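Asker:
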Amino acid sequence: MHKPSSERIPSQWQNNAYPKPQTSWQVSNAPQTLEHDLEAESLIHTAAAAAAAASGCVAQVQDLERRLAADAGLRPLATTPLRYIESALDLEAFLSDILADIEPTTENSVSGSVSGTGSSGLSLDKTCAFKKAVAIDLEAHSYRSYQGFVCLVQISSVDCDAVIDALALRSALADPSGAFIRLLRHPRVVKVMHGADSDVLWLQRDFTPAARIVNLFDTARAAQLLGEPSVSLAHLISCYARDEDRTADPASLRNGSRDALASEKRVFQVADWRIRPLPSSMLHYARQDTHYLLYLYRVLSTRLVQETDPNSPETNRLQQLWLKSADVALRRYALQEVAADAHLKVARQYKAMLSDTMLPLLRDLIHWRDQIAREADESPPYVFPNHFLIALVRETPRSPFQLDKMLRRLGLARGRCLLSRSTKCARRLLALIRARLSVARAPGRRHALHSQRPAVERLAIEASGVRPPWRRPGTQATSHQRRHEEDDRRPT
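Just remember that our numbering sits 590 ahead of the position in the sequence shown, which is counted from 1.
#1: Would you check if the distance between the CB atom of L806 and the CB atom of A786 is smaller than 8 angstroms?
#2: Please work out which residues of its chain come closer than 6 angstroms, Cβ to Cβ, to R907, disregarding the five sequence neighbours upstream and downstream, and give them in chain order.
#3: Would you call the stretch 761 to 772 and the stretch 793 to 812 in contact, with 3 or more CB pairs under 8 angstroms?
#4: Work out the CA separation of L993 and G1034 for me, nearest whole Å.
#5: Let's test the definition: count the other Cβ atoms within 10 Å of the Cβ of H626 and tell me whether it reaches 16, buried, or not, exposed.
#6: Please return the same chain residues whose Cβ sits closer than 7 angstroms to the Cβ of P621, not counting the five positions on each side in sequence.
#7: Using the Cα positions of S1054 and D946, report the straight-line distance between them to the nearest angstrom.
#8: Taking the runs of the alpha helix (DSSP H) that are 4 residues or longer, which of them lie wholly in the stretch 773 to 839?
#9: On the three-state DSSP scale, how would you describe L884?
#10: If you pair each beta-carbon of the stretch 750 to 763 with each one of the stretch 909 to 924, do three or more pairs fall below 8 angstroms?
#11: Suppose you measure from the CA of N619 to the CA of A966; what does that come to, to the nearest Å?
#12: Skipping 5 residues on each side, what residues in its chain have a beta carbon closer than 6 angstroms to that of K855?
#13: Spell out the partners DSSP gives A752 in its beta bridges.
#14: Excluding sequence positions up to five away, which residues of its chain have a Cβ less than 7 angstroms from the Cβ of A812?
#15: So which of D862, T986 and F978 has the shortest CA-CA distance to A1025?
#16: What did DSSP end up calling V740 once you bin it into helix, strand or coil?
#17: If you draw a straight line from the C-alpha of L689 to the C-alpha of M872, how long is it?
#18: Along the alpha helix (DSSP H) that carries H626, what are the first and last residues, could you check?
#19: Would you kindly work out how many angstroms separate the C-alpha atoms of A831 and T905, rounded to a whole number?
#20: Looking only at its chain, what residues have a beta carbon closer than 7 angstroms to the beta carbon of A942, apart from the 5 residues adjacent to it on each side?
#21: How should S915 be labelled, buried or exposed, when 16 other C-beta atoms within 10 angstroms of its C-beta is the threshold for buried?
#22: If the criterion is Cβ atoms closer than 8 angstroms, does the pair V804 and H776 meet it?
#23: Counting C-beta neighbours from all protein chains within 10 Å, is the total for A963 16 or more, i.e. buried, or is it exposed?
#24: Just reading off the alpha helix (DSSP H) that E965 is part of, what are its end residues?
#25: Between C1086 and L1009, how many whole angstroms is the CB-CB distance? I'm expecting something under 8 angstroms.
#26: V724 bridges to which residues according to DSSP?
#27: I'd like the span of the alpha helix (DSSP H) that includes L1002, first residue to last.
#28: So what's Q910 in DSSP terms, helix, strand or just coil?
#29: Hey, quick one: how far does the alpha helix (DSSP H) through L1008 stretch, first residue to last?
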């Protein structure tokens, strides 16, 4: 889907030496939940109700069908201007051009227009007009940061595609009175996004709690309502936009197959979006994420209208879409504590057969790793990854030498994780392991290794009352095996 390039796409996991720009942002990783923004939530409910009411009006639905039929179609990617914005003045000028021809509206006028009769809500021309719709997408980075952060903001209008450097313009994007927040909250502009569940949370987390999206149209929800076999953006582009773009510009889509689009998506989703300047292939991928959304908005709206029976409100697909999208826009960002069953999920992920002694150690290690990650503002997998957690509870190193040997064996040495960079972190880890083992070996309790038998085997032993031998008959017992045999003969 992008032009062939010999540039190497750096993965965020392979580019650990890159500096962390978010350290100057005063990030707080303490558990938190954002307060309700009553004004924004009222705007979201009001705009969704107005759009849903307009969708149920027969005359307005017919007018929408006529305007969709007269639409010019998809603008070729090659002939669409691209703007890379990295200054506050350029950002303000670009967003002001989008908002320039929109009638000024206050919350009272919007509420008043909806509070009238059922068919007198906001007119479809003002609420869903295509020339007042913009496509928005975000590219974020999740490695080397506890919460992650947004690196790019892509906005496409009918005139051009824009890629905004969110690292350089973080303060301008976070200004509650700035053009970006005004655009997000404007009830006369439709914001077209695909799978906005994470995007609506990232906007609140990285910029301001006031960054709430009013009048959201989620193309993934639209594909779901239409019963598409897949709701991915690659599937929708290959089904609806591929032929249009190939007709206008045969070179714009390098591989028309759906598999090629999906494979490119997998490559760029894990790319390191912090790097500057951006390679041309990454810039091309970023713009096309929003370039096709406006066309998909028109096509999917057409299909939703065609499948709507004006005399049957319960089958009004377009109305359902506006309400489902509003539910997405109403989500609030919350940073929670680590889940109580996180250690069980890790054990199931790696299909690890852990005993009752190993599971508490795994739980303690996960909670300790989360604490270290919050303090250092690092992602938990960078402190040490999950597969190293499983190796720790199985081998339980007790000295720095054993820990370093394990790191080298697992390929985590030479600064590939925080544990191999910080001596203090390694000492705290060894102290935690020794403390857990000392609890397991406390007087009055059976030996720790005795409980490391698989749970199924221990249940079978209790049911039969006969303990299996620790060694084969006729073989000489080692000191380790003799210790277990003595434990087995010791009365409980």
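Ideal Cβ placement from N, Cα and C applies to all residues, glycine included. All of these numbers come straight from a predicted model, not from anything done at the bench.
Answerer: Looking at the atomic coordinates:
#1: Against a cut-off of 8 angstroms, the Cβ pair of A786 and L806 comes out as a contact.
#2: Excluding residues within five positions, the ones whose Cβ falls inside 6 angstroms are L815, L894, E897 and T898.
#3: The stretch 761 to 772, when compared against the stretch 793 to 812, does touch it at the 8 angstroms Cβ threshold.
#4: Its pLDDT being 48, under 50, G1034 is placed unreliably in this model, and the value from its coordinates should be taken loosely. The straight-line gap separating the alpha-carbon atoms of G1034 and L993 is approximately 30 angstroms.
#5: Exposed.
#6: So the qualifying residues of the chain are L925, Q926 and E927.
#7: Only weak support exists for where S1054 lies, its pLDDT of 48 falling under 50; the value from the coordinates is given anyway. So the two alpha carbons sit approximately 20 angstroms from each other.
#8: Qualifying alpha helix (DSSP H) stretches, in chain order: 789 to 796, 809 to 815, 823 to 826 and 832 to 838.
#9: Per DSSP, reduced to three states, the secondary structure at L884 is helical.
#10: No, the stretch 750 to 763 does not touch the stretch 909 to 924.
#11: Roughly 9 angstroms separates the two Cα atoms.
#12: Correct list, in chain order: A824.
#13: In the DSSP output, where bridge partners are listed per residue, A752 has R673 and I745.
#14: The answer, listed in chain order, is L890, L894 and L911.
#15: Taking each of D862, T986 and F978 in turn and checking the Cα distance to A1025, the smallest one comes out for T986.
#16: Here V740 sits in strand by DSSP.
#17: If I take the Cα positions, the gap works out to 28 angstroms.
#18: Premise fails: H626 is in no alpha helix (DSSP H) and is neither H nor E.
#19: Answer to the nearest angstrom: the Cα atoms are 26 angstroms apart.
#20: Excluding sequence neighbours, A942 sits near I980.
#21: Result: buried.
#22: Taking the C-beta atoms as reference points, H776 is found nearer than 8 angstroms to V804.
#23: Its Cβ being crowded by 16 or more others within 10 Å, A963 is buried.
#24: Per DSSP, E965 belongs to the alpha helix (DSSP H) from M948 to A966.
#25: A question about residue 1086 goes unanswered here, because the residues of the chain that appear run from 591 up to 1082.
#26: Within the DSSP secondary-structure output, V724 pairs in a beta bridge with K781.
#27: No residue range can be given for L1002, since it is assigned to no alpha helix (DSSP H) and is classified by DSSP as neither H nor E.
#28: The answer is helix: DSSP assigns Q910 an H, G or I state.
#29: Judged by DSSP secondary structure, L1008 falls within the alpha helix (DSSP H) whose first and last residues are L1008 to R1011.
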